[in-house]
Amino acid sequence: FVYNINIILPKREKIKRFLSLFDEFTRGKALIVFIYSSVTFFIYITQFYIFVNAFQRISIFPGYLSSIATIFTKSLIPVSVGDLGVREGASIFFFSRFSINSSSAFDSSILLFSVNVFLPAVIGFGIIIFSILTDKRNKN
1 FVYNINIILP KREKIKRFLS LFDEFTRGKA LIVFIYSSVT FFIYITQFYI FVNAFQRISI
61 FPGYLSSIAT IFTKSLIPVS VGDLGVREGA SIFFFSRFSI NSSSAFDSSI LLFSVNVFLP
121 AVIGFGIIIF SILTDKRNKN
């Protein structure tokens, strides 16, 4: 179907080469990507549960349920700058249903952002700056 639509579009050869990449994507590769994604998602919601539990005790089922709902909502509404705001509001909303303080939900959400996004970005920025400075010294 997509190849037939390609006949109408300009720059057919580039689009055809791009679409041919999907021919290499077999069911086995799709299964591997699904497994990696599932493991990553499970680790992410487990981190979230652990962070919330560190601030205020919550049983495992409501903790995971609220974590999953928060991550799903964040993914559903991707209109935030730097991934901030939506996750925090959603975590306050969903965790408050299980009598978790809004400050505990907010703090755990910020901590999750810091551990998974901010800290790796700062480390990567430092590595890039270090490599640029080292490269300039080697050229002189």
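If you're matching positions, the sequence shown starts at 1 in this note's numbering and goes up one per residue. The beta-carbon is built from N, C-alpha and C at its ideal position, and this holds for glycine as well.
Name the two residues that bound the continuous alpha helix (DSSP H) containing residue i.
i      : result
Ser56  : Looking at the sequence itself, residue 56 is Gln, so the reference to Ser does not match. Run containing Gln56: none; DSSP gives neither H nor E here.
Val86  : Val86 to Ser96
Leu111 : Ser102 to Phe113
For residue i, does the three-state DSSP call read helix, strand or coil?
i      : result
Arg137 : helix
Ile77  : coil
Ile127 : helix
Ser99  : coil
Thr26  : coil
Please classify residue i as buried or exposed, where buried requires at least 16 neighbouring CB atoms within 10 angstroms.
i     : result
Leu76 : exposed
Val39 : exposed
Leu21 : exposed
Ser59 : exposed
Express the C-alpha separation of residue j and residue i in angstroms, rounding to a whole number.
i      : j      : result
Ser99  : Thr70  : 15 Å
Ile50  : Ile35  : 22 Å
Ser80  : Ile127 : 27 Å
Ser37  : Pro120 : 19 Å
Phe24  : Glu13  : A small fix is needed here, since residue 24 is Glu in this sequence, not Phe. Going from the Cα of Glu24 to the Cα of Glu13 covers about 18 Å.
Lys29  : Phe18  : 18 Å
Phe93  : Phe125 : 34 Å
Phe113 : Arg57  : 21 Å
Phe61  : Ile132 : 48 Å
Thr73  : Ser91  : 9 Å
Phe95  : Val122 : 29 Å
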